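Okay, so here's the structure we're looking at.
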Amino acid sequence: MRFMIIVKASQDSEAGVMPSEELLTAMGNYNEELAKAGILVSADGLHPSSKGARVRFSGEKRTVIDGPFAETKELIAGYWIWEVKSRDEAIEWVKRCPNPMPGTDAEIEIRQVFSAEDFGAEFTPELREQEERIREQAKKH
Numbered sequence: 001m002r003f004m005i006i007v008k009a010s011q012d013s014e015a016g017v018m019p020s021e022e023l024l025t026a027m028g029n030y031n032e033e034l035a036k037a038g039i040l041v042s043a044d045g046l047h048p049s050s051k052g053a054r055v056r057f058s059g060e061k062r063t064v065i066d067g068p069f070a071e072t073k074e075l076i077a078g079y080w081i082w083e084v085k086s087r088d089e090a091i092e093w094v095k096r097c098p099n100p101m102p103g104t105d106a107e108i109e110i111r112q113v114f115s116a117e118d119f120g121a122e123f124t125p126e127l128r129e130q131e132e133r134i135r136e137q138a139k140k141h
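Mapping the sequence shown onto full-length UniProt numbering, position 19 (from 1) lands on 19, and the numbers just tick up by one.
As structure tokens, then:
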């Protein structure tokens, strides 16, 4: 089972405050543990929303909205993708994580990533084959 582990943004992360050497060291050590355990697929931090944009869809119309975005608690500061046996295992690993926003109350969200089996009969053999080709192509880049 794959899970996306989402680090919620804080006022500091949205202001562009970079993590301390202490936090970078602690996170590096934690990421190394995840890699050694064989569950880490990927991990990255994100720039503040002031450097981002959203595209709103309304029928055929597309509207670009430049950041920053107001609701910090709804924003993402970073993420991991993990391959684990269960939601409970993901929770146990998150509980071991250093506080990603020292000095504040931080929150990390755990969301399961869909797999082909989740889509049922609508995900035809042809669509599954296409999905595999796309994944293989993406690995090359």
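We put the CB at the ideal spot given by N, CA and C, even for glycine. Because the structure is a prediction, the values reported are computed rather than measured.
Over the uninterrupted alpha helix (DSSP H) stretch that includes residue i, give me the two end residues.
| i | result |
| --- | --- |
| Gly28 | Glu21 to Lys36 |
| Lys139 | Pro125 to Lys139 |
| Glu14 | Gln11 to Glu14 |
| Asp105 | Run containing Asp105: none; DSSP gives neither H nor E here. |
According to DSSP, what are the bridge partners of residue i?
| i | result |
| --- | --- |
| Arg62 | Phe57 |
| Lys76 | Lys is not the amino acid found at residue 76; the sequence shown has Ile there. Partner(s): Lys8. |
| Phe3 | Trp82 and Gln112 |
If I measure Cβ to Cβ from residue i and keep anything under 6 angstroms in the same chain, skipping five residues before and after, which residues do I get?
| i | result |
| --- | --- |
| Pro100 | Val7 and Ala106 |
| Lys73 | none |
Could you pull out every residue in the same chain whose Cβ sits closer than 8 angstroms to the Cβ of residue i, ignoring the five residues on either side in sequence?
| i | result |
| --- | --- |
| Met18 | none |
| Tyr30 | Arg96, Cys97 and Pro98 |
| Ser20 | Pro102 |
Where does residue i land, buried or exposed, given buried means 16+ other C-beta within 10 angstroms?
| i | result |
| --- | --- |
| Pro48 | buried |
| residue 144 | Coverage of the chain is limited to positions 1 through 141, which leaves residue 144 absent and any answer about it impossible. |
| Val55 | exposed |
Could you give the residue range of the beta strand (DSSP E) that holds residue i?
| i | result |
| --- | --- |
| residue 147 | What the structure shows of the chain is the stretch from 1 to 141, and residue 147 is not part of that stretch, so it cannot be assessed. |
Considering only the beta carbon of each residue, do residue i and residue j sit closer than 8 angstroms?
| i | j | result |
| --- | --- | --- |
| Leu46 | Gly78 | yes |
| Pro102 | Leu34 | no |
| Ile39 | Glu83 | yes |
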